Amino acid sequence: MMDWAKASLGKVEASRTFRLDQPAPLLDPTQATALLKQFHPDYLGHERKVEVGPNVGDQKFPLELAELLEGDSPLESDYIPQIDIETDVLILGGGGAGATAALALEGSGLTVHLATKLRLGDSNTVMAEGGIQSALGVEDSPRRHFADALVGGHGDNDPDLLRILCEQGPESIRWLSQLGCLFDQNEDGKFRLRGGGGTSVPRVLACRDYTGLEIMRVLKDAVRLTATQLLEEHVAMELVDDGKGRVTGAILFDRNTGSKVCVSARAVILATGGSGQIRLQGFPTSNHVGATGDGLVLAYRQGCRLIHLDSYQYHPSGACYPEALAGQLVTEAIRSIGAQVVNAEGVHFIDEMAYRDVLAGAIIKEIAEGRGIKTPHGKTGVWLDTPMVDLKKGAGTLANQFPGLIHRFERYNIDPASQPILIYPTLHYQNGGIRVDSECRTDVAGLWACGEVTGGLHGKNRLMGNSLLDITVFGRKSAESVISNIPERGAVTLTHLKRFREERSKIEGGKISPKFFPDASKMKLQTPLVEKEREEKKTPDNFEPHNPFNI
Amino acid sequence: MTVKRVEIKISGKTIQAQEGETVIHALWAAGMAESIKTGCAGGVCGACTVTLRYSDGRTGGTDLACMKPVEAGMEVFPCPVEEDNPVAPVADPEISTLQSAFPTLNRCTKCGSCTTACPMSIPVMDSVLRMQKGEFSEVAEDFTTCIHCGLCRFVCEDKVKPHNMGLWVRRSLGMNQIPPSEKNDKEEDAEKEWQYLLDEDREIRLERARQFRQLGRVEP
């Protein structure tokens, strides 16, 4: 297989023995900054300020996101909410953060509903591969974890949130273990800790390359054993408020019946995750189908400030070939145990454990300067020299520790243990998000947020293994805060939406948002306004993800 | 390079697809995304289970639409599997507790359908036999890569629930793990280190973090 790349593959093989013990170039902070400014997608000026909402005159947003934030609601203007469900706590989002919050609310005496656009567990959490950080090593401490994450985030992390994350690391692993999560162990029965990009000591626990799957299937099973009422395939269309500034529930759209469901809640926890599927600058993504940034848009209309959303994580190792796997994650853990990043000439051009943003920038630079490998579908990537793992760690290591990688490539007759795979950066994580305090409270009363939808914790570059810890720590934290601060039931109105609509009336045209589903899927919410937009096509999509099959 | 077009059928409806893409991509392009449930589109959530038939006489079977590349003449049918009610795990699992949690454990007739149906290549039937013998560590290992698509349960004539039992075994064993012990963190020292790291000035904070991560402590 991959005969089209024969010449370059030959060079990679020829240089492998030489590369084995040769260190790769490391960039000092000044060089790294220069590289980022020239090649990282965050720094290329594909951004602008927004004209409506709490962030007017403030930071810039990626163009695709700015348009969604300024967009109009899919709710008809004459829609009057009539309560269908009354609950104490409404959780929006069925990934790791939402499921954790539901578990932490069990036994509090509060009734809980969890609504999710897809099914419980269909999320970025389940797709996470490499692991979860926790300061359990002999040389480690929560302070060291903090220092690593702060340097990795370029110093932009909210220090108070980050301290909580790191201090809660060991306790979170205990909590997950007691729920029944199995993490890989060394022969002495202790958890195996691996390094990750930017960790100064080994700190990453894993379950092979299925760590998110392990955590999500346990959380899902545990949630199904609680009293939590699940509203699967219910899309959050809009949040509602009491007319006096407090969020009091949400309007959902039941995908199976096509009808709206109005939920009155005393507290709403937003755990809607990220936005890789808005495909900034046409990048491929490692994210699940529902990752369209809906929660950002909903919270923004209520008056929540967003932070650090000029920063996204482009994971350096997304698959680049075969085409059907394009954008899918190839875990950083493979690099941490020895797979090198190599160009078309077989040159090991950068240390693969550089920070994710720096490594992504370096790969893009290598390709821009003509040292990439072009696939038959017109994509270009560089090699991840996976056979190096067995060479360094012993035959069978790759297959044993990364069964997911082997399984995915097997269908295409590619065995990563014997031949390198082609990689290119993939849109992976929303570094910024809704501003929250150390109790997960947003700027608007009644609304809490946790997980990827929030911003601040990771600064402008998240380290591997800190998002699975994020959802565990702050999923629980949001639930605890809700329990201690639960408001009384309030009225259900669309006052915030009305105010937002008045403010945005100065914008010509504009789109209906949130997006709900990826453009490429052509799925739309079956509501009158969305239908109308589709028919009129008055605002054609200003970008369409590159379809490699249309050649 | 020109990409070859192929025809496939979704629930009897013919659509055009392009060689090299998956069934999910083909459905998206044809505007039929809603005809098969999708979650992660990355092979780990188990939403897009389908059954397949081929026109050239090859044996069909089950798979994940997001992982299955299209082939000319392929017929695809949605096969969504309903969630089953979970059973709470127990510390110290034994054959008897597994048997009472899942009364159909011993009904397996060794037909092997479950193994054939599994899109993750798990030796499901062998593992059910291991469950009957109480070889729980091996079972936990077998189900490491289980995505809970439910196909093994769906195809079982005898209502055995392999993936539910697999998770039950894994969670039960997990609950037995010895949790990591509290480190001997001297609280006083820890607080001093936090004071040092949490300087109000962003630049000083960043510089101190750079220094601290070298040794894991404040340099003397």
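Residue numbers (this note's numbering), protein chains in the order written: chain A, 1 to 551; chain B, 552 to 771. Ideal placement from N, C-alpha and C gives every residue a C-beta, glycine not left out. For clarity, every value in this text was computed on a predicted model and none was experimentally measured.
- Looking at the DSSP output, residue 112 of chain A shares a beta bridge with A/89.
- Here residue 83 of chain A has 262, 264 and 492 as same chain residues with Cβ atoms under 7 Å from its own Cβ, once five neighbours each way along the sequence are excluded.
- Each of A/123, A/40 and A/131 was checked against the Cα of residue 331 of chain A, and the nearest Cα belongs to A/131.
- Here residue 60 of chain A carries a coil assignment [DSSP, helix/strand/coil].
- The alpha-carbon separation between residue 225 of chain A and residue 687 of chain B amounts to approximately 22 Å.
- Scanning its chain for C-beta atoms nearer than 7 Å, with the 5 sequence neighbours on each side dropped, one finds around residue 389 of chain A the residues 334, 337, 338, 339, 397 and 398, in chain order.
- By the rule that beta-carbons nearer than 8 Å mark a contact, residue 237 of chain A does not touch chain B.
- Between residue 173 of chain A and residue 213 of chain A the beta-carbon gap is near 17 Å, outside 8 Å, which marks them as no contact.
- Unbroken beta strand (DSSP E) stretches of 3 residues or longer found wholly inside the stretch 553-602 of chain B: 556-561 and 564-569, given in chain order.
- Residues of chain B with a Cβ closer than 7 Å to the Cβ of residue 139 of chain A are, in chain order, 767.
- DSSP links residue 385 of chain A through a beta bridge to A/340.
- For residue 728 of chain B, the three-state secondary structure derived from DSSP is coil.
- Taking 8 Å as the cut-off, the Cβ atoms of residue 306 of chain A and residue 296 of chain A count as close.
- Just measuring C-alpha positions, the residue of A/69, A/35 and A/27 sitting nearest residue 47 of chain A is A/69.
- For residue 270 of chain A against residue 434 of chain A, the beta-carbon gap comes to about 7 Å, under 8 Å, which counts as contact.
- At the C-beta level, residue 707 of chain B and residue 714 of chain B stay beyond 8 Å of one another.
- CA-CA distance, residue 590 of chain B to residue 201 of chain A, rounds to 35 Å.
- Distance from the CA of residue 560 of chain B to the CA of residue 387 of chain A, rounded to the nearest whole angstrom, comes to 39 Å.
- Neighbours of residue 323 of chain A across chain B, judged by C-beta separation under 8 Å: 571 and 572.
- Looking from the CA of residue 354 of chain A, the closest CA among A/404, A/325 and A/462 belongs to A/462.
- CA-CA distance, residue 18 of chain A to residue 511 of chain A, rounds to 55 Å.
- Annotation note: the stretch 674-704 of chain B contains the following uninterrupted alpha helix (DSSP H) runs of length 4 or greater, listed N- to C-terminal: 675-684 and 687-693.
- Taking C-alpha positions only, residue 482 of chain A is separated from residue 437 of chain A by approximately 13 Å.
- Between residue 624 of chain B and the set B/581, B/584 and B/564, the nearest pair of CA atoms involves B/564.
- Fewer than three beta-carbon pairs drawn from the stretch 282-299 of chain A and the stretch 399-410 of chain A are found closer than 8 Å, and the two stretches are therefore not classed as touching.
- Taking a Cβ-Cβ cut-off of 7 Å, the neighbours of residue 181 of chain A in chain B comprise 725, given in sequence order.
- In the assembly as shown, residue 515 of chain A is a buried residue. Its beta-carbon has 16 or more other beta-carbons within 10 Å.
- Taking all protein chains in view, the Cβ of residue 660 of chain B is surrounded by fewer than 16 other Cβ atoms within 10 Å, so the residue is classified as exposed.
- DSSP lists no beta-bridge partner residue for residue 79 of chain A.
- Residue environment for residue 528 of chain A: exposed (fewer than 16 other C-beta atoms within 10 angstroms of its C-beta).
- Under a criterion of Cβ atoms nearer than 9 Å, no residue of chain B is adjacent to residue 294 of chain A; the nearest Cβ is some 16 Å distant.
- For residue 320 of chain A, the closest Cβ of chain B is not nearer than 8 Å.
- In this structure, the alpha-carbon of residue 29 of chain A lies about 21 Å from that of residue 310 of chain A.
- If you draw a straight line from the Cα of residue 501 of chain A to the Cα of residue 74 of chain A, it comes to about 12 Å.
- In its own chain, leaving out the 5 sequence neighbours on each side, no residue places its CB closer than 6 Å to the CB of residue 395 of chain A.
- Of all residues in the stretch 453-473 of chain A, none comes within less than 9 Å of chain B when Cβ atoms are compared.
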